[in-house]
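Here's the structure, in structure tokens; my notes come after.
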RNA sequence: UGGGGUGUCGUCAAGCGGUAAGACACAGGCCUUUGGAGCCUGCAUUCGGAGGUUCGAAUCCUCCCGCCCCAGCCA
């Protein structure tokens, strides 16, 4: 497992860690993955999960799972559960180190008091609007709050009364006393506590004041004795503040913040705000809708954890803004599935084929390898009879030169079965559409090459008409944006285009697929990879989701 | 016009003064019971630009340019 999840290449973070180990700054490595439980994890989070847990595994250190739940709005136990579930599914284990920032509220409160006593924090009674004005702009310095000079005693009194609930939301805040003229706006007396009467999903109404991210995060890291606190690039401006709190309040070894570039995926929405919007407006069927870029959605869609880990390993870790081609993710999924998915036959758009010289009532059981290169995956038996269905696309009346399938005068192999030769076709008189084919089979070609050495024109899949099981196949694709993700700022409807829509196909599959287990994945020969979606499946009529569809409609729509 | 980052193939990404890895994508070929697969081949005389240092620069210096982040009592 360790080798599997640990990239072999060295990135800048590993260099920092190697150096910290070499110089003796640390003798162990401790990281953490700190999501806020206000939504489901998506592929962007997966990058962070793989990085943090992967680093810990590589250095035989630890990685904590910490809920960064310092803002009660939007947080819930459902999300805590889904996050644990998804991290575990991705293949990582935090042992007994599941923590909550909310469990540190009392400690954090004491740290705030320490800061006040040191004269480094004060209660500010400016309104939000006033505070914004006092903060200055990007190019102009801010000015001191009129409350900046309050005595330590008064601050202590006010802060304890804030906690006691004596004030309304927004009436006061606690601020760090740093430098209102700092060119780094983050350092201009940042708010560290605010009054918020939204009940907390775990702490109920125990607290009415909540610490801000900048205050809580670095101190939570310190409490957990994290050595390397890895976060995304947008927190670079916050690092001086991270260090400021740690230096003011923590003795001994100090955690170090390291930033890396978050993942951007082509045609994919990875903004939590947007995803929440999609779910709340019911534009999708929940966080685990297979069209969603969430871990849960991808899982239901049939992606494997291994493929996602491989993807995260291949994209690398750097500080440059990036836009990774979704084709790489899909490649990783296909690569894993090609290796692991059992093969099965299905026909999405059936074309009836009658084998004229095959006995009327005969049924043969064809032994089919479940995997062409893995005999250990066993075989299955698939019934073959006089009337079969093949995929419409596998026949062309006037095929081009390179078409490797059936056509007039052609001979192809039915996969796992006989070689058949075209005899005649039946057309709908009105539309001219071919509705039925007649062929003849060569009895000597069952799992054997033609004796005379002639080459066939291709290999196609099939199902016996009398034995096939009806199935629902959903061809819908992942949610995606037509435009470059970085530039999409339009209405939500812009995010949903025809490629995102669900297309239901009433297909037929080989009988063995009538009852398939949860989340099983198959390669339907010549059609692609499908995952049985047990959430909507009924026994006897499975529902399959298409797994990788780079070449489907959306790609055309997107102009690829 | 403040501060913090970052610029190497279409997209990620190695490279850390000795003469541009790899992957995806793409193109061509082979194969025809892994076929939305496999195999083979091709794909940066050049590293945002211009100067400079050096026997030698993507790597060091100078200036310039582009892009991203920061003015939530969000994280």
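In the working numbering, the protein residues as written are 130 to 689. Every residue, glycine too, gets a C-beta built ideally from N, C-alpha and C.
Residues in its own chain within less than 6 Å of residue i by CB, not counting five upstream and five downstream?
| i | result |
| --- | --- |
| residue 511 | 495, 497 and 639 |
| residue 136 | In this prediction, residue 136 has a pLDDT of 45, which is less than 50 and means its spatial position is unreliable; nothing more can be read from the coordinates. |
| residue 227 | 194 |
| residue 685 | Summary for residue 685: the model assigns pLDDT 41, below 50, so the residue's position carries little reliability; its value from the coordinates is reported in the next sentence. Within the same chain, residue 685 has no close Cβ partners at all. |
| residue 458 | 440 |
| residue 157 | 190 |
| residue 231 | 198, 331 and 332 |
| residue 188 | 158 |
| residue 484 | 515, 568 and 570 |
| residue 320 | 302, 304 and 341 |
| residue 418 | 426 |
| residue 643 | 598 and 669 |
| residue 435 | 465 |
| residue 581 | none |
| residue 590 | 474, 544, 654 and 655 |
Ordered along the chain, which non-local residues of its own chain (more than five positions away) have a Cβ less than 7 Å from that of residue i?
| i | result |
| --- | --- |
| residue 365 | 388 |
| residue 449 | 390 |
| residue 204 | 165, 166, 167, 198 and 330 |
| residue 636 | 475, 476, 477, 600 and 602 |
| residue 646 | none |
| residue 327 | 201 and 202 |
Please report the distance separating the alpha-carbon of residue i from that of residue j.
| i | j | result |
| --- | --- | --- |
| residue 587 | residue 550 | 11 Å |
| residue 460 | residue 345 | 40 Å |
| residue 163 | residue 194 | 6 Å |
| residue 258 | residue 201 | 22 Å |
| residue 541 | residue 600 | 26 Å |
| residue 184 | residue 439 | 15 Å |
| residue 652 | residue 408 | 30 Å |
| residue 633 | residue 413 | 16 Å |
| residue 142 | residue 517 | 58 Å |
| residue 544 | residue 172 | 37 Å |
| residue 374 | residue 352 | 13 Å |
| residue 360 | residue 255 | 31 Å |
| residue 539 | residue 557 | 22 Å |
| residue 486 | residue 433 | 44 Å |
| residue 235 | residue 206 | 21 Å |
| residue 269 | residue 262 | 11 Å |
Could you give the residue range of the beta strand (DSSP E) that holds residue i?
| i | result |
| --- | --- |
| residue 340 | 338-340 |
| residue 602 | 598-603 |
| residue 633 | 633-638 |
| residue 304 | 302-305 |
| residue 674 | 672-675 |
| residue 358 | 357-361 |
| residue 234 | Taken as a continuous stretch (DSSP letters only), residue 234 belongs to no beta strand (DSSP E), being part of the alpha helix (DSSP H) at 234-246. |
| residue 567 | 563-571 |
| residue 510 | 508-513 |
| residue 483 | 479-484 |
How close, in whole Å, do the beta carbons of residue i and residue j come, if the pair is a contact with beta carbons under 8 Å?
| i | j | result |
| --- | --- | --- |
| residue 71 | residue 237 | With the chain covering only 130 through 689, there is no way to say anything about residue 71. |
| residue 519 | residue 482 | 5 Å |
| residue 287 | residue 301 | 6 Å |
| residue 169 | residue 423 | 4 Å |
| residue 466 | residue 650 | 6 Å |
| residue 546 | residue 575 | 7 Å |
| residue 429 | residue 140 | The pair is not a contact, with the Cβ atoms about 31 Å apart (cut-off 8 Å). |
| residue 264 | residue 271 | 5 Å |
| residue 462 | residue 656 | Residue 462 to residue 656, Cβ: 15 Å. No contact. |
So, at 8 Å on beta carbons, what are the nonlocal neighbours of residue i in its own chain, with the 5 sequence-adjacent residues on each side left out?
| i | result |
| --- | --- |
| residue 451 | 390, 392, 393 and 444 |
| residue 279 | 251, 252 and 287 |
| residue 526 | 536, 537, 554 and 563 |
| residue 290 | 296 |
| residue 211 | 169, 170, 416 and 425 |
| residue 275 | 255 |
Quick one: give me the first and last residue of the alpha helix (DSSP H) that residue i is part of.
| i | result |
| --- | --- |
| residue 552 | Residue 552 -> not in any alpha helix (DSSP H); beta strand (DSSP E) instead, spanning 548-556. |
| residue 162 | Note, residue 162: premise wrong, no alpha helix (DSSP H); beta strand (DSSP E) at 159-162. |
| residue 75 | The question about residue 75 has no answer, for the chain in this structure spans 130 to 689. |
| residue 145 | 141-151 |
| residue 425 | 424-430 |
Do residue i and the ligand GTP come close, with the Cβ less than 8 Å from some heavy atom?
| i | result |
| --- | --- |
| residue 178 | As presented, the structure is devoid of all ligands, the ligand GTP included, so that no description of it is given. |
Contact the segment 401-410 vs the segment 144-155: 3+ CB pairs below 8 Å: Short answer: they don't touch.
Okay, do the segment 221-228 and the segment 372-384 touch, 3+ Cβ pairs below 8 Å being the bar? Because the criterion of three Cβ pairs below 8 Å is not met, the segment 221-228 and the segment 372-384 do not touch.
Would you say the segment 211-219 touches the segment 239-255, given that touching needs at least three Cβ pairs under 8 Å? No contact exists between the segment 211-219 and the segment 239-255.
Is the number of C-beta pairs between the segment 664-674 and the segment 499-509 that are closer than 8 Å three or more? Cβ pair count under 8 Å is below three, so no.
Contact between the segment 287-297 and the segment 352-366 (3+ Cβ pairs under 8 Å): As far as the Cβ criterion goes, the segment 287-297 does not touch the segment 352-366, which means the pair count is below three.
Taking contact to mean at least 3 C-beta pairs separated by less than 8 Å, is the segment 306-316 in contact with the segment 330-342? These segments do not touch.
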